[in-house]
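Below: the structure, in structure tokens.
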Amino acid sequence: MAASFFPRDEYFMRLAIREAEAAADHDDVPIGAVVVHEGEVIGAGHNERELRQDPTAHAEVLALREASRALGSWRVLDAVLYVTLEPCAMCAGAIVLARVPRVVYGTTDPKAGAAGSVLDVLAQPRLNHRPAVAGGLLAAECAALLTGFFGSRR
């Protein structure tokens with residue numbers, strides 16, 4: 225996939241990385257996400273599955289919930305979702321349902337990625353929405369968070 229990035233993408237991905245780092249405070253996998261609308265962060269989240277004991281408490285889902293509240297709508301239009309790891313099938317489904325127009329992710333997920341690695345939910349032609357996707361932004365930094373986290377547990 226030929227990734228197309230814009231000047232402010234790196235800035236917002238660094239905010240997502242900061243969110244991912246916050247997951248370490250409660251022993252969650254360090255994945256972070258931010259939703260940006262008209263140049264402002266309207267939603268942010270990091271994995272909280274361990275903290276909440278909730279299998280749906282992924283960074284993207286939490287950020288989308290916050291963004292929806294900020295916009296007063298379940299449709300998260302005119303927005304970009306930045307996430308440090310390629311979305312899984314659940315998160316990709318939520319992105320499609322929220323009608324997010326653009327997704328930028330850091331590193332690929334060869335085990336559960338649903339933006340082209342294992343599945344490609346975000347480009348599924350039978351679904352009613354297909355966001356633009358750009359992957360690989362600050363991939364090495366995003367991957368290092370994960371390898372550091374899992375390396376300390378082995």
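Positions 225 to 378 (this note's numbering) are the ones given, in order, by the sequence shown. All C-beta atoms in this analysis are idealised placements derived from N, C-alpha and C, irrespective of residue type, glycine included.
Boundaries of the alpha helix (DSSP H) in which residue 326 is found, first to last residue: Premise fails: residue 326 lies in the beta strand (DSSP E), 326-331, not in any alpha helix (DSSP H).
Between the CA atoms of residue 331 and residue 345 - distance to the nearest angstrom: Rounded to whole angstroms, residue 345 and residue 331 show a C-alpha spacing of 17 Å.
Assumed close pair residue 358, residue 324 - CB separation to whole angstroms, cut-off 8 Å: Contact flag wrong, Cβ pair sits at about 13 Å.
Touch test, the stretch 280-288 against the stretch 313-320, Cβ-Cβ under 8 Å, three pairs minimum: Look at the beta carbons and you see the stretch 280-288 touching the stretch 313-320: at least three pairs across the two are nearer than 8 Å.
Exposed unless 16 or more other CB atoms sit within 10 angstroms - verdict on residue 267: Buried.
Same chain, Cβ closer than 6 Å to residue 270, neighbours up to 5 away in sequence not counted: 243, 244, 246, 247, 256, 283
Within 9 Å, strictly: CB atoms of residue 312 and residue 338: yes
Bridge-paired residues (DSSP) for residue 265: 260
Those runs of the alpha helix (DSSP H) which lie wholly inside the stretch 292-362 and span at least 4 residues: 313-321
Reference residue 305; option with closest CA among 362, 279, 291, 342: 291
Euclidean distance between Cα positions of residue 225 and residue 340: Model confidence at residue 225 stands at a pLDDT of 46, short of 50, so the residue's coordinates are unreliable and nothing is read from them.
Candidates 361, 276, 352, 264: closest to residue 230 by CA position: The shortest Cα separation from residue 230 among 361, 276, 352, 264 belongs to 361.
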